[in-house]
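Read in this note's numbering, the sequence shown has 284 at position 118, and its numbers run on one by one without any break.
Idealized CB from N, CA, C, for every residue including glycine.
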Amino acid sequence: MKVCVRDTALALAAVSTAVSLTACGSDAGNTSGSGSARKIGVLLPDSTTARWETRDRPLLEQKIRQLCGACTIEHANAKGDVAIQQEQMDSSIANGVDAIVLAAVDARAMGASVGKAAAAHIPVIAYDRLAEGPISGYVSFDGQEIGRLQGKALLTAMSARAQGSRIVMMNGDPGDPNALSFKQGALSELQGKVTIAKEYDTPQWSTEAANLNMSGAISALGAGSINGVYAANDGLAAGSIAALKANKVSPLPPVTGQDAELAAVRRIVSGDQYMTVYKPFGPEAAAGGAMAVAAARGQRLDGVTTRRMKTRSGAEVPAVLLTPVPVTLATIKHTLVKDGVYTLEQICTPPLAGDCHKARLT
Numbered sequence: 167m168k169v170c171v172r173d174t175a176l177a178l179a180a181v182s183t184a185v186s187l188t189a190c191g192s193d194a195g196n197t198s199g200s201g202s203a204r205k206i207g208v209l210l211p212d213s214t215t216a217r218w219e220t221r222d223r224p225l226l227e228q229k230i231r232q233l234c235g236a237c238t239i240e241h242a243n244a245k246g247d248v249a250i251q252q253e254q255m256d257s258s259i260a261n262g263v264d265a266i267v268l269a270a271v272d273a274r275a276m277g278a279s280v281g282k283a284a285a286a287h288i289p290v291i292a293y294d295r296l297a298e299g300p301i302s303g304y305v306s307f308d309g310q311e312i313g314r315l316q317g318k319a320l321l322t323a324m325s326a327r328a329q330g331s332r333i334v335m336m337n338g339d340p341g342d343p344n345a346l347s348f349k350q351g352a353l354s355e356l357q358g359k360v361t362i363a364k365e366y367d368t369p370q371w372s373t374e375a376a377n378l379n380m381s382g383a384i385s386a387l388g389a390g391s392i393n394g395v396y397a398a399n400d401g402l403a404a405g406s407i408a409a410l411k412a413n414k415v416s417p418l419p420p421v422t423g424q425d426a427e428l429a430a431v432r433r434i435v436s437g438d439q440y441m442t443v444y445k446p447f448g449p450e451a452a453a454g455g456a457m458a459v460a461a462a463r464g465q466r467l468d469g470v471t472t473r474r475m476k477t478r479s480g481a482e483v484p485a486v487l488l489t490p491v492p493v494t495l496a497t498i499k500h501t502l503v504k505d506g507v508y509t510l511e512q513i514c515t516p517p518l519a520g521d522c523h524k525a526r527l528t
């Protein structure tokens, strides 16, 4: 499978150049000098998806501190609750932060809170999810391309059986606009080639809900009649696979995923999951951190971003959109291991030693 990293590399190069310029000009942007503190809020949506606290948060904080040593960071996690994130936004505004990085629990529901921040002259950088309201910038990956990669991979895995095969679609949270993009991208590959026998939306990207929904699909369709599973991310893949195993479906149908969680990579090695989508968190966090620092200093974001993105309201904002990378058993070593996301020792635990050897990972 071809790994398309050229666009990501170009975008990262542009971000790195802009970051260097921003860092060199930091004293000019910060009129009180290098000792003047700026406050930046980092609001994350949940702890269900491992990436937010284990990848995005430390990388964002690292980049912000690299560019602004005097900046303080106010971090909060909404635990998947819109009301909690709205309170956290109110708190950030009341505390007088200079910019907010927001990964919204529910993009539409957070629109009013983004409006409050704008009224208080606090720029909001929509991170990973295109929040509604008057945001100042946006950084994410091409959601429809993620869905296309997942759809293509599912068809490849089903190979000759793909035409007319029956699949279950385990879509993401309907409150997350990315979930719609993933679905649209996947359908662009799947429609007309497979039968979508069952389809579910999954509030809060809940692994448990995916498990229950897959159990219901198996009960309705029959254990041997599901030829593939489109799971929008790795948490939904985990819940779906657990249900398939509990219902003694064998062999397991191919299951997609996203986020390249370590548990998912191990499932790929063991043969339980077919693929995942790797979104290089370093470039995303580098762009998000650089945008937040520039916004906090009152600087234009055009020097940090690579393009413009139209929001739901029709307004255009500076944006960085990065290219996702598909990962299957054959490409783990050349993507995740090569980029230092995981070591072979982390992936190839003792129970997976035989599978890793067979896959030539060790």
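Does Val263 come out as helix, strand or coil in the three-state DSSP assignment?
coil
Answer yes or no: do Ala270 and Ala292 have a C-beta to C-beta separation smaller than 9 Å?
yes
Rounded to whole angstroms, how far is the Cβ of Ala265 from the Cβ of Ile301, which I believe are closer than 8 Å?
Not quite, the Cβ-Cβ distance comes to about 11 Å (not below 8 Å), so this is no contact.
Under three-state DSSP, which class holds Pro289?
For Pro289, the secondary structure class from DSSP, reduced to helix, strand or coil, is coil.
For Ile301, the first and last residue of its enclosing beta strand (DSSP E):
Counting along the chain, Ile301 falls outside any beta strand (DSSP E), and DSSP gives it neither H nor E.
When burial is assigned at 16 or more other CB atoms within 10 Å of the CB, is Pro516 buried or exposed?
exposed
Could you pull the start and end residues of the beta strand (DSSP E) that Pro492 belongs to?
491-493
In chain order, which alpha helix (DSSP H) runs of at least 4 residues are fully inside the region 434-504?
447-462
Look up Asp521 in the DSSP assignment and say whether it is helix, strand or coil.
It is helical.
Within 10 angstroms of the Cβ of Glu482, are there 16 or more other Cβ atoms? Answer buried if so, exposed if not.
Glu482 counts as exposed, since fewer than 16 other C-beta atoms from the protein chains shown sit within 10 angstroms of its C-beta.
Which residues in the same chain have their Cβ closer than 8 Å to the Cβ of Gln512, if we skip the five residues on either side of it in sequence?
Leu428
When you compare only the Cα positions, how much space is there between Ser192 and Ile312?
Per-residue confidence for Ser192 stands at a pLDDT of 41, beneath the threshold of 50, marking its modelled position as unreliable; the derived number appears in the next sentence. The alpha-carbon atoms of Ser192 and Ile312 are separated by roughly 35 Å.
With distance defined between alpha-carbon atoms, name the residue in Asp294, Ser279, Ala275 nearest to Ala260.
Ser279
Can you tell me whether Cys190 is buried or exposed, with buried defined as 16 or more other CB within 10 angstroms of its CB?
Bear in mind that a pLDDT of 39 at Cys190, under 50, signals an unreliable position, so the model cannot answer this.
Which term fits Glu449, buried or exposed, when burial requires 16 or more other beta carbons within 10 angstroms of its beta carbon?
First, the amino acid is wrong: residue 449 is Pro here, not Glu. Burial call: buried.
Assign Val395 to one of three DSSP states: helix, strand, or coil.
strand
Looking at C-alpha atoms only, which residue of Leu487, Thr422, Asp400 is the closest neighbour of Thr215?
The shortest Cα separation from Thr215 among Leu487, Thr422, Asp400 belongs to Asp400.
Closest residue to Arg332 among Ser391, Val415, Leu225, Gly281 (Cα-Cα distance):
Ser391
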